[in-house]
Amino acid sequence: MKKLAYVLVLSFVICSALLAKAEPRELVVGQVNLSFYTASAAVVKEVLSRLGHSLKIVEGNHPDIYGRLGHGDVDLLVASWLPHAHGPLQAPLADRLVEAATLYEDARLYWAVPAHVPVEMVRSIDDLKKPAVTSRIDREIVGVGPGSGLMNGSEQIMRRYGLEQAGYRLKVAPPEEWARHLAEASASGRWMVMPLWQPQYLNAVYPLRVLEDPQGIFGVDRAVVVVRKEVWQQLPERTRRVLGRVRLGISVATELERQMVVESKPAEQVARSWMAANPAKVDVWFAD
Numbered sequence: 001m002k003k004l005a006y007v008l009v010l011s012f013v014i015c016s017a018l019l020a021k022a023e024p025r026e027l028v029v030g031q032v033n034l035s036f037y038t039a040s041a042a043v044v045k046e047v048l049s050r051l052g053h054s055l056k057i058v059e060g061n062h063p064d065i066y067g068r069l070g071h072g073d074v075d076l077l078v079a080s081w082l083p084h085a086h087g088p089l090q091a092p093l094a095d096r097l098v099e100a101a102t103l104y105e106d107a108r109l110y111w112a113v114p115a116h117v118p119v120e121m122v123r124s125i126d127d128l129k130k131p132a133v134t135s136r137i138d139r140e141i142v143g144v145g146p147g148s149g150l151m152n153g154s155e156q157i158m159r160r161y162g163l164e165q166a167g168y169r170l171k172v173a174p175p176e177e178w179a180r181h182l183a184e185a186s187a188s189g190r191w192m193v194m195p196l197w198q199p200q201y202l203n204a205v206y207p208l209r210v211l212e213d214p215q216g217i218f219g220v221d222r223a224v225v226v227v228r229k230e231v232w233q234q235l236p237e238r239t240r241r242v243l244g245r246v247r248l249g250i251s252v253a254t255e256l257e258r259q260m261v262v263e264s265k266p267a268e269q270v271a272r273s274w275m276a277a278n279p280a281k282v283d284v285w286f287a288d
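Taking UniProt numbering, I'd label the letters of the sequence shown as residues 1 to 288.
What follows is the structure in structure tokens.
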């Protein structure tokens with residue numbers, strides 16, 4: 001009788017373990033609350049949903065999301081820009097994270113001007129101090145994303161190029177005001193300078209010129225899906241394999257965001273439509 005009871009208990013434990021292993025766990029997906037992150041994250045979320053995972057989405061600014069990741073309140077982040085833009089935020093957590101997938105490379109932060117600003121007048125950030133430029137340009141520089149690599153780097157630019165002494169002022173604004181600042185300047189021909197990056201839909205909407213940065217404040221990054229190690233180790237092998245194959249590229253990430261913002265399409269619809277239109281690429285992700 002004791003032997004039978006032991007066998008029954010053992011069988012129950014084994015079956016429970018198998019069922020738990022077969023049932024994909026819910027995942028808490030963190031994303032920074034800027035539209036280009038939302039657009040790319042929509043593809044990753046669709047992939048995870050197709051793999052059977054239920055998802056909870058958490059949004060916040062850069063310090064908030066990395067704080068939640070560090071406290072274990074977020075399972076994976078879409079996406080971390082490494083090694084430069086988000087490097088300082090991720091560094092304290094790096095030994096607790098796995099780099100699961102690289103969504104795109106050649107991710108860049110920079111300052112840009114509308115193409116109507118003459119290149120012979122403003123080719124580099126240093127040129128912003130020319131008297132002939134300061135007399136014409138809007139010296140209020142509007143950025144976005146408090147605590148972001150873009151704003152942290154822009155603050156360095158202000159100091160190291162001596163732009164405050166030239167009358168420039170840097171401020172953080174909501175995304176709508178930041179984009180409107182460029183739209184109004186492009187429509188009126190006003191000179192202005194804008195902290196920007198790629199991939200970003202504004203590059204596809206307005207003619208812009210990236211300014212040279214002789215001091216090399218900003219570096220080149222890759223956009224990585226990072227997962228907490230303890231979560232990664234619990235994921236099904238198929239989830240790890242498929243997620244690791246997801247690639248978008250700069251042009252795709254830009255177009256996804258453009259459709260979302262300019263055409264007012266829901267991020268989930270944009271992601272599903274793109275995946276349906278690119279079966280050759282997506283099928284490779286899910287191949288056994």
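Idealized CB from N, CA, C, for every residue including glycine.
**Message:** Check whether the region 89 to 108 and the region 242 to 258 are in contact - that is, three or more C-beta pairs closer than 8 Å.
**Reply:** Contact annotation: the region 89 to 108 touches the region 242 to 258, with at least three C-beta pairs closer than 8 Å.
**Prompt:** Val98 and Val227 look like a contact to me (Cβ under 8 Å); what is the Cβ gap, rounded to whole Å?
**Reply:** What you label residue 98 is simply residue 98 of the sequence shown in a count that begins at 1. What you label residue 227 is simply residue 227 of the sequence shown in a count that begins at 1. About 5 Å; that satisfies the 8 Å criterion.
**Prompt:** Out of curiosity, what's the CA-to-CA distance linking Leu55 and Leu248?
**Reply:** Stepping through the sequence shown from its first residue, residue 55 is reached at position 55. Stepping through the sequence shown from its first residue, residue 248 is reached at position 248. In this structure, the alpha-carbon of Leu55 lies about 21 Å from that of Leu248.
**Prompt:** With contact counted as at least three CB pairs below 8 Å, one residue from each stretch, are the region 141 to 148 and the region 199 to 207 in contact?
**Reply:** no
**Request:** In the DSSP assignment, find the beta strand (DSSP E) that holds Leu76 and state where it starts and stops.
**Result:** Against the sequence shown, residue 76 aligns to sequence position 76. Per DSSP, the continuous beta strand (DSSP E) segment holding Leu76 begins and ends at 76 to 82.
**Item:** Cβ of Leu48 within 8 Å of any chain E Cβ
**Value:** Included in the structure is just one protein chain, with no chain E present.
**Request:** Can you tell me the Cβ-Cβ gap for Val28 and Asp73, rounded? I've got them flagged as a contact below 8 Å.
**Result:** Counted from its first residue, the sequence shown places residue 28 at position 28. Counted from its first residue, the sequence shown places residue 73 at position 73. For a cut-off of 8 Å, the C-beta gap from Val28 to Asp73 is around 7 Å, short enough to register as a contact.
**Request:** Pick helix, strand or coil for Asp64, following the three-state DSSP scheme.
**Result:** Counting from 1 along the sequence shown, the entry for residue 64 is found at position 64. It is helical.
**Message:** With three or more C-beta pairs closer than 8 Å as the rule, is the region 49 to 68 touching the region 182 to 189?
**Reply:** no
**Request:** Note the first and the last residue of the continuous beta strand (DSSP E) segment covering Arg169.
**Result:** Along the sequence shown, one-based indexing puts residue 169 at 169. Run containing Arg169: 169 to 172, per the beta strand (DSSP E) assignment.
**Request:** Report back the beta-carbon spacing between Leu128 and Ser154 to the nearest angstrom; my notes put them in contact at under 8 Å.
**Result:** Reading the sequence shown from its first residue, position 128 is the one you call residue 128. Reading the sequence shown from its first residue, position 154 is the one you call residue 154. The pair is not a contact, with the Cβ atoms about 12 Å apart (cut-off 8 Å).
**Gly30 versus His84 - alpha carbon distance** = Locating residue 30 in the sequence shown gives position 30, counting from the first residue. Locating residue 84 in the sequence shown gives position 84, counting from the first residue. The alpha-carbon atoms of Gly30 and His84 are separated by roughly 20 Å.
**Message:** Helix, strand or coil for Val133? Go by DSSP, reduced to three states.
**Reply:** Against the sequence shown, residue 133 aligns to sequence position 133. Helix, per DSSP.
**Cβ pair Met275, Ser35 closer than 8 Å** = Taking the sequence shown and counting its residues from 1, one reaches residue 275 at position 275. Taking the sequence shown and counting its residues from 1, one reaches residue 35 at position 35. In this structure, the beta-carbon distance from Met275 to Ser35 does not fall below 8 Å.
**Asked** Does the beta-carbon of Ser124 have 16 or more other beta-carbons within 10 angstroms, so that it is buried, or is it exposed?
**Response** Stepping through the sequence shown from its first residue, residue 124 is reached at position 124. Looking at its Cβ environment, which holds fewer than 16 other Cβ atoms inside 10 Å, Ser124 is exposed.
**Request:** Using the Cα positions of Val144 and Arg245, report the straight-line distance between them to the nearest angstrom.
**Result:** Walking along the sequence shown from the start, residue 144 turns up at place 144. Walking along the sequence shown from the start, residue 245 turns up at place 245. For Val144 and Arg245, the distance between alpha carbons rounds to 31 Å.
**Request:** Apply the 10 Å Cβ neighbour rule to Pro88 and answer buried if 16 or more other Cβ atoms are within range, or exposed otherwise.
**Result:** Walking along the sequence shown from the start, residue 88 turns up at place 88. Exposed: under 16 other Cβ atoms inside 10 Å.
**Message:** Using a 10 Å radius around the Cβ and a threshold of 16 neighbouring Cβ atoms, would you call Lys21 buried or exposed?
**Reply:** Indexing the sequence shown from 1 puts residue 21 at position 21. Residue placement at Lys21 is poorly supported in this model, since its pLDDT is 48, which falls under 50; the coordinates still yield a value, given next. Exposed, by the Cβ-count rule.
**Request:** Reducing DSSP to helix, strand and coil, say where Asp138 ends up.
**Result:** The residue given as residue 138 occupies position 138 in the sequence shown. Residue state, collapsed to three classes: coil.
**Prompt:** So the alpha helix (DSSP H) Val270 belongs to, where does it begin and stop?
**Reply:** The residue given as residue 270 occupies position 270 in the sequence shown. Run containing Val270: 267 to 277, per the alpha helix (DSSP H) assignment.
**Asked** Leaving out the 5 sequence neighbours to the left and right, which residues in its chain are closer than 6 Å to Trp178 when beta-carbon positions are compared?
**Response** Mapped onto the sequence shown, residue 178 falls at position 178. Val142, Val144.
**Asked** With a Cβ-Cβ cutoff of 8 Å, do Ala271 and Val43 count as a contact?
**Response** The residue labelled residue 271 in the question sits at position 271 within the sequence shown. The residue labelled residue 43 in the question sits at position 43 within the sequence shown. Their beta carbons are under 8 Å apart, which means Ala271 touches Val43 by this criterion.
**Prompt:** What span of residues does the beta strand (DSSP E) with Gly30 cover, start to end?
**Reply:** As a first step, residue 30 must be located in the sequence shown, where it is residue number 30. Note, Gly30: beta strand (DSSP E), 27 to 32.
**Message:** Within 10 Å of its beta-carbon, does Lys45 have 16 or more other beta-carbons around it, so buried, or fewer, so exposed?
**Reply:** As a first step, residue 45 is located in the sequence shown; it is residue number 45 there, counting from the start. Lys45 should be labelled buried.
**Item:** Unbroken alpha helix (DSSP H) run spanning Glu255, endpoints
**Value:** As a first step, residue 255 is located in the sequence shown; it is residue number 255 there, counting from the start. Element bounds for Glu255: 250 to 262.
**Request:** Please go through the same chain and pick out, in chain order, the residues whose beta-carbon is closer than 8 Å to the beta-carbon of Asn33, but skip the five residues on each side of it.
**Result:** In the sequence shown, the residue the question calls residue 33 occupies position 33. Cβ within range, chain order: Glu59, Gly60, Asn61.
**Message:** So, at 7 Å on beta carbons, what are the nonlocal neighbours of Tyr206 in its own chain, with the 5 sequence-adjacent residues on each side left out?
**Reply:** Position 206 of the sequence shown, counted from the first residue, corresponds to residue 206. Cβ neighbours of Tyr206 beyond the five flanking positions: Pro114, Leu182, Ser186.
**Message:** Let's see if you can read the secondary structure: which residues bound the alpha helix (DSSP H) around Ala39?
**Reply:** Stepping through the sequence shown from its first residue, residue 39 is reached at position 39. Counted as a single uninterrupted DSSP element, the alpha helix (DSSP H) harbouring Ala39 occupies residues 35 to 50.
**Request:** Grab the span of the alpha helix (DSSP H) containing Met192 for me, first residue to last.
**Result:** Residue numbering aside, residue 192 sits at position 192 when the sequence shown is read from its first letter. First-last for Met192: undefined, no H or E at that position.
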